[in-house]
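All remarks here apply to the structure that follows.
Okay, here's the thing in structure tokens:
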């Protein structure tokens, strides 16, 4: 195998997360992989949080757990708008949303996944049955609150069309300026392998970003990953950072009671 120093100087590979995110500007749109604390690009997010940039619009399933993931941006006031499926498990996320400090577009989880995938595939919009007959399609969902709890900005109604006797709602796809993802393994050409549940939103977020930045636990040379095992081809990945194995977080620990308890 090529010496690690040589790999760090090659093509798409950046020597550090700080260098990889150095050109992300304020007000950028970010697609971020992860689900809860699984498969979250913590190192890249942390490096971005340390920079003097803010006002981000973020597309991600949720906004991290307290002290981890996107919460590092959120608690520093660097997120202007979230498009996500889930507000729970992060009290600061819920607080900022309900107090009017943060705009949130809640989106059905499967719809969010498809919006990211479609954006990466060059599809501008699609019809789905999810949300038909609810505020998702009819409009009126609170995107931003006023400080007094009244609704400042509500979602608009969406186009409904009938196909073969069933109604569908039109959803626009998502493209972002940058995407941040985490992978178990990657080669220097950007071909990525994700580990089990960490696959979640990572491939979809990667596809949706015009510039995709991936942190990988293991970095190898081209050809060392079996082509049949590649989950995301390198054509979607622009920058790679080798972070090594990161501490695995547990969002909610559940244990059984011991005998005699």
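Residue numbers (this note's numbering): -19 to 241. Heads up, the beta-carbon is just placed ideally off N, CA and C, and yes, glycines get one too. Predicted model only: the values in this text are computed from it and were never measured.
Identify whether residue 66 lies in helix, strand or coil by the three-state DSSP scheme.
-> Coil at residue 66, not helix or strand.
Starting from the C-beta of residue -4, find all residues in its chain whose C-beta is less than 6 Å away, skip the five residues before and the five after it, and write them out in chain order.
-> By the criterion of a C-beta distance shorter than 6 Å, residue -4 is surrounded by no residue of its chain, once the five residues flanking it on both sides are discounted.
Hey, is the stretch 135 to 146 in contact with the stretch 172 to 185, meaning 3+ C-beta pairs nearer than 8 Å?
-> no
Strand pairing of residue 195, partner residues [DSSP] | 162 and 221
Under 8 Å between the Cβ atoms of residue 156 and residue -6?
-> no
For residue 159 versus residue 189, is the C-beta distance shorter than 8 Å?
-> Result yes, Cβ atoms of residue 159 and residue 189 sit closer than 8 Å.
If you count every other CB in all the chains shown that lies within 10 Å of the CB of residue 171, and 16 or more means buried, which is it?
-> buried
Should residue -1 be labelled buried (16 or more other beta-carbon atoms within 10 Å of its own) or exposed?
-> exposed
Continuous beta strand (DSSP E) stretch holding residue 86: start and end | 83 to 86
Does DSSP classify residue 54 as helix, strand or coil?
-> helix
Residue interval of the beta strand (DSSP E) (run including residue 122) | 122 to 125
In angstroms with no decimal places, state the Cα-to-Cα distance between residue 215 and residue 24.
-> 20 Å
Taking residue 106 and residue 94 to be in contact with their CB atoms under 8 Å, please state how far apart those CB atoms are, rounded to whole angstroms.
-> 7 Å
Please look up how many angstroms separate the CB atoms of residue 137 and residue 118, rounded, as I've assumed it's under 8 Å.
-> Contact annotation, residue 137 with residue 118: C-beta distance approximately 6 Å; criterion of less than 8 Å satisfied.
Can you give the beta carbon distance from residue 42 to residue 66, rounded, assuming they're within the 8 Å contact cut?
-> 4 Å
Ordered along the chain, which non-local residues of its own chain (more than five positions away) have a Cβ less than 8 Å from that of residue -17?
-> Confidence in residue -17 is poor, its pLDDT being 42 and thus under 50, which makes the residue's placement unreliable; the coordinate value appears in the next sentence. None.
Would you mind working out which of 129, 125, 84 and 150 sits nearest residue 98, comparing C-alpha positions?
-> Nearest of 129, 125, 84 and 150 to residue 98, Cα basis: 150.
Sorted by chain position, which residues of the same chain lie with C-beta nearer than 6 Å to residue 100's C-beta, five sequence neighbours on each side aside?
-> 187 and 188
Out of curiosity, what's the CA-to-CA distance linking residue 147 and residue 3?
-> 44 Å
Give the DSSP-derived three-state secondary structure of residue -9 in the structure shown.
-> coil
My understanding is that residue 173 touches residue 222, with C-beta atoms under 8 Å, so please give their C-beta distance in whole angstroms.
-> Incorrect: roughly 14 Å between the Cβ atoms, too far for contact.
Exposed or buried, what is residue 35 when buried is set at 16 or more other beta-carbons lying within 10 Å of its beta-carbon?
-> exposed
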